[in-house]
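Numbering (the numbering used here), first residue to last: 130 to 285.
Virtual Cβ for every residue (Gly too), placed ideally from N, Cα, C.
Scroll down for the structure; my scribbles are underneath it.
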């Protein structure tokens, strides 16, 4: 269970937004108030739709709205460090940073977990459980020990 001092990074798509008639997505953002940890939201395609339809393409207004709801921060991307390794956080894998390992979502199970440039950490790949720092460290161990050495994975 999350603690008050924990930080949860959401790699986009905190809520669904199906169009400008879907006002539920704005109300659904308020679920953040029920989460005990600090929540940092990396923009996903659903948040970008919310910004387009309900905030006139104004990121700063959307960010202020979300901060008022209780989010710790709203970002396009971020860099975090886990056990001495830096990771670039981004929603879509196509927007990865080639200069470091990436943590991304968007693709659900279609891409699997491992890519040479990082890991798909969508919770649907983890039995709908958040990835912890230990989980990500273990993925990094597997990458370095096995996946990077597997000739069949070189093209991924």
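#1: Mind checking whether residue 235 and residue 227 have CB atoms under 8 Å apart?
#2: Do you know offhand how far residue 281's Cα is from residue 164's?
#3: If we ignore side chains and look at the alpha-carbon of each, how far apart do residue 141 and residue 279 end up?
#4: Go to residue 188, then tell me how far its alpha helix (DSSP H) extends in each direction, as first and last residue.
#5: Can you tell me the Cα-Cα spacing of residue 132 and residue 167, whole angstroms?
#6: Would residue 262 pass as a contact of residue 231 if the rule is Cβ separation under 8 Å?
#7: Going along the chain, which unbroken runs of the beta strand (DSSP E) with 3 or more residues stay wholly within the region 236 to 264?
#8: Mind the definition here: the region 140 to 160 touches the region 173 to 192 only if three or more C-beta pairs lie below 8 Å; say whether that holds.
#9: Could you tell me the distance, in whole angstroms, from the CA atom of residue 194 to the CA atom of residue 153?
#10: Which residues does DSSP list as the beta-bridge partners of residue 209?
#11: With distance defined between alpha-carbon atoms, name the residue in 200, 178, 177 and 181 nearest to residue 135.
#12: Based on Cα-Cα distance, which residue from 184, 162, 268 and 188 lies nearest to residue 149?
#13: How would you label residue 247, buried or exposed, when you count the other beta carbons within 10 angstroms and need 16 or more for buried?
#14: Which two residues bound the contiguous beta strand (DSSP E) that contains residue 233?
#15: So, using beta-carbon positions, are residue 259 and residue 214 closer together than 8 Å?
#16: Could you tell me how far apart the beta carbons of residue 254 and residue 238 are, in whole angstroms, since I believe they sit closer than 8 Å?
Working from what's here:
#1: Here the question's residue 235 lines up with position 106 in the chain shown. Here the question's residue 227 lines up with position 98 in the chain shown. No; because the gap between Cβ atoms is not below 8 Å, this pair is not in contact.
#2: The sequence position of residue 281 within the chain shown is 152, counting from 1. The sequence position of residue 164 within the chain shown is 35, counting from 1. Looking at the two C-alpha atoms, the distance is approximately 41 Å.
#3: Position 12 of the chain shown, counted from the start, is the residue given in the question as residue 141. Position 150 of the chain shown, counted from the start, is the residue given in the question as residue 279. Answer to the nearest angstrom: the Cα atoms are 30 Å apart.
#4: As a first step, residue 188 must be located in the chain shown, where it is residue number 59. Here the alpha helix (DSSP H) through residue 188 covers 188 to 198.
#5: Reading the chain shown from its first residue, position 3 is the one you call residue 132. Reading the chain shown from its first residue, position 38 is the one you call residue 167. Spanning the two alpha carbons is a distance of roughly 9 Å.
#6: On the chain shown, position 133 is the one that residue 262 refers to. On the chain shown, position 102 is the one that residue 231 refers to. Contact: no.
#7: Fully enclosed beta strand (DSSP E) runs of 3 or longer: 247 to 249.
#8: The region 140 to 160 is in contact with the region 173 to 192.
#9: Residue mapping note: residue 194 aligns to position 65 of the chain shown, counting from 1. Residue mapping note: residue 153 aligns to position 24 of the chain shown, counting from 1. Between the C-alpha atoms of residue 194 and residue 153 there is a straight-line separation of about 15 Å.
#10: Looking up residue 209 in the chain shown gives position 80. DSSP output for residue 209 lists 216 as bridge partner(s).
#11: To locate residue 135, count along the chain shown from 1; it is residue 6. Closest option to residue 135, Cα to Cα, is 200.
#12: Start at 1 with the first residue of the chain shown, and residue 149 comes out as number 20. Nearest option by C-alpha distance: 184.
#13: For the purposes of this step, residue 247 is taken as the residue at position 118 of the chain shown. By the 10 Å Cβ count, residue 247 comes out buried.
#14: To locate residue 233, count along the chain shown from 1; it is residue 104. Per DSSP, residue 233 belongs to the beta strand (DSSP E) from 230 to 233.
#15: Position 130 of the chain shown, counting from 1, holds the residue named residue 259. Position 85 of the chain shown, counting from 1, holds the residue named residue 214. Annotated as distal: residue 259 and residue 214, with beta-carbon spacing of 8 Å or more.
#16: By one-based count along the chain shown, residue 254 stands at place 125. By one-based count along the chain shown, residue 238 stands at place 109. Contact between residue 254 and residue 238 is confirmed by a C-beta separation of about 6 Å, below the 8 Å threshold.
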